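Asks:
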């Protein structure tokens, strides 16, 4: 059974940083693309970042470029999202998901809540 | 960015009746290899989204055959042949061809 478990969410002040983690199991982690998606009540689902199997290629939505960095540790079956210079509009539930093929997200984590407030 | 639109944004359905959701994209989702990267997700209340249909019409493992997808290019439809109580939630279409990947706004389905 595939499982993805996010952690690291919490309350952070505007301008602050947070590092999200996603621990995976149940599949050959190093063979798969992983993606981060966030959900706010006002903006629905928003694709945030994508990282390829070896971690050398990454893509980001424009609104987070230069502030967020995706990375992965295939030895630990984990993917990360380093979020810097956080803004109010970054507040959301963040999900990691296994991207099997061109946006086909077969497995999702339970999400971790990020709150940005002073 | 490719903009995805969905209609209607909400739908109230009598159990056993059909339901359809339309999804349109501002650019074609047809890849040069012949595949079309339009996927449907359902987020049930209190749960993470789950894959229902991928590449327009392919049902994901375990998805009941009352769910079907159709369409091509920029116009797509998700159809539930006979809605059941467990089908309530928000349905999202998503395009996977053009970066950044984008979702539709969601269609909330509830039971009358």
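Protein chains in written order, with my numbering: chain A, 1 to 118; chain B, 119 to 230.
We put the beta carbon where it would ideally sit given N, CA and C, even for glycine.
Everything numeric in this text was worked out from a predicted model, so none of it was measured.
#1: What residues from the stretch 194 to 225 of chain B come within 9 Å of chain A, judged by C-beta to C-beta, listed N to C?
#2: Report the option in B/119, B/199, B/212 whose CA atom is closest to the CA atom of residue 224 of chain B.
#3: Taking residue 169 of chain B as the query, report the chain A residues whose CB atoms sit under 8 Å from its CB, ordered along the chain.
#4: Note down, in chain order, every chain A residue with its Cβ under 8 Å from the Cβ of residue 190 of chain B.
#5: How many angstroms separate the CA atom of residue 25 of chain A from the CA atom of residue 74 of chain A?
#6: Excluding the five sequence neighbours on either side, which residues of its own chain have a C-beta within less than 7 Å of the C-beta of residue 124 of chain B, listed in chain order?
#7: Run through DSSP, which three-state label would residue 26 of chain A get?
#8: Should residue 167 of chain B go down as buried or exposed, given a rule of 16 or more other Cβ atoms within 10 Å for buried?
#9: In the stretch 77 to 100 of chain A, which residues sit with their C-beta less than 7 Å from some C-beta in chain B, listed in chain order?
#10: Rounded to a whole number of angstroms, what is the C-alpha to C-alpha distance between residue 160 of chain B and residue 207 of chain B?
#11: Only counting the same chain, and skipping five residues up and downstream in sequence, which positions put a Cβ closer than 7 Å to that of residue 29 of chain A?
#12: Have a look at residue 51 of chain A and residue 58 of chain A and give me their C-alpha separation to the nearest angstrom.
#13: By the 10 Å Cβ neighbour count, where 16 or more other Cβ atoms means buried, how is residue 14 of chain A classified, buried or exposed?
#14: 7 Å is my cut-off, CB to CB: does residue 146 of chain B come that close to chain A?
#15: Tell me which residues share the same chain as residue 219 of chain B and place their Cβ nearer than 7 Å to its Cβ, disregarding the 5 neighbours each side in the sequence.
#16: Please classify residue 89 of chain A: is it buried, with 16 or more other beta-carbons within 10 angstroms of its beta-carbon, or exposed?
#17: Only counting the same chain, and skipping five residues up and downstream in sequence, which positions put a Cβ closer than 7 Å to that of residue 227 of chain B?
#18: With 16 as the cutoff for other CB atoms within 10 Å, does residue 11 of chain A come out buried or exposed?
#19: Does residue 113 of chain A have its Cβ less than 7 Å from a Cβ in chain B?
#20: Show which residues of chain A have a CB atom less than 8 Å away from the CB atom of residue 166 of chain B.
#21: Between residue 12 of chain A and chain B, is any beta-carbon pair separated by less than 7 Å?
#22: For residue 47 of chain A, which option in A/118, A/116, A/102 has the closest C-alpha, if you only look at C-alpha atoms?
#23: Who are the Cβ neighbours of residue 70 of chain A in its own chain at under 6 Å, not counting the five residues just before and after it?
#24: Less than 7 Å between the beta carbons of residue 120 of chain A and residue 2 of chain A, yes or no?
Replies: Reading it off the structure:
#1: Interface annotation for the stretch 194 to 225 of chain B against chain A: 208, 210, 212, 213, 214, 215, 217, 218, 219, 220, 221, 222, 223, 224, criterion Cβ-Cβ distance under 9 Å.
#2: Closest by alpha carbon: B/212.
#3: Below the 8 Å Cβ cutoff, chain A contributes 104, 105, 106 as neighbours of residue 169 of chain B, in chain order.
#4: Against chain A, the beta carbon of residue 190 of chain B has no neighbour under 8 Å; the closest one sits roughly 16 Å away.
#5: Each residue's Cα considered, the two are about 11 Å apart.
#6: Excluding its 5 nearest sequence neighbours in each direction, residue 124 of chain B has C-beta neighbours in its own chain below 7 Å: 139, 140, 141, 211, 222, 223, 224, 225, listed in chain order.
#7: Secondary structure at residue 26 of chain A: coil, using DSSP grouped into helix, strand and coil.
#8: Residue environment for residue 167 of chain B: buried (at least 16 other C-beta atoms within 10 angstroms of its C-beta).
#9: Flagged, chain order: 95.
#10: Near 7 Å, if we compare the C-alpha coordinates of residue 207 of chain B and residue 160 of chain B.
#11: Sequence-distant partners of residue 29 of chain A (beyond 5 residues in either direction) whose C-beta falls short of 7 Å from its own C-beta, in its chain, are 74, 77.
#12: The alpha-carbon separation between residue 51 of chain A and residue 58 of chain A amounts to approximately 4 Å.
#13: Counting Cβ neighbours within 10 Å, residue 14 of chain A comes out exposed, since fewer than 16 surround it.
#14: Taking Cβ atoms only, chain A never reaches closer than 7 Å to residue 146 of chain B, which makes this a no.
#15: Non-local C-beta neighbours of residue 219 of chain B in its own chain, meaning closer than 7 Å and more than five positions away in sequence, comprise 212, 213, ordered along the chain.
#16: The residue in question, residue 89 of chain A, is exposed, as its Cβ has fewer than 16 Cβ neighbours within 10 Å.
#17: Excluding sequence neighbours, residue 227 of chain B sits near 129, 131, 137, 205, 206, 207, 209.
#18: Residue burial annotation: residue 11 of chain A is exposed, with fewer than 16 other C-beta atoms found within 10 angstroms of its C-beta.
#19: Chain B, which has no Cβ nearer than 7 Å to the Cβ of residue 113 of chain A, makes this no.
#20: Close partners of residue 166 of chain B in chain A (Cβ separation under 8 Å): 95, 108, 109, 110, 111.
#21: Answer no: the Cβ-Cβ gap between residue 12 of chain A and chain B never drops below 7 Å.
#22: In terms of Cα proximity to residue 47 of chain A, the closest of A/118, A/116, A/102 is A/102.
#23: Contacts found: 49, 51, 58, 81.
#24: The shown model of chain A, from 1 to 118, leaves out residue 120 of chain A, and the question about it has no answer.
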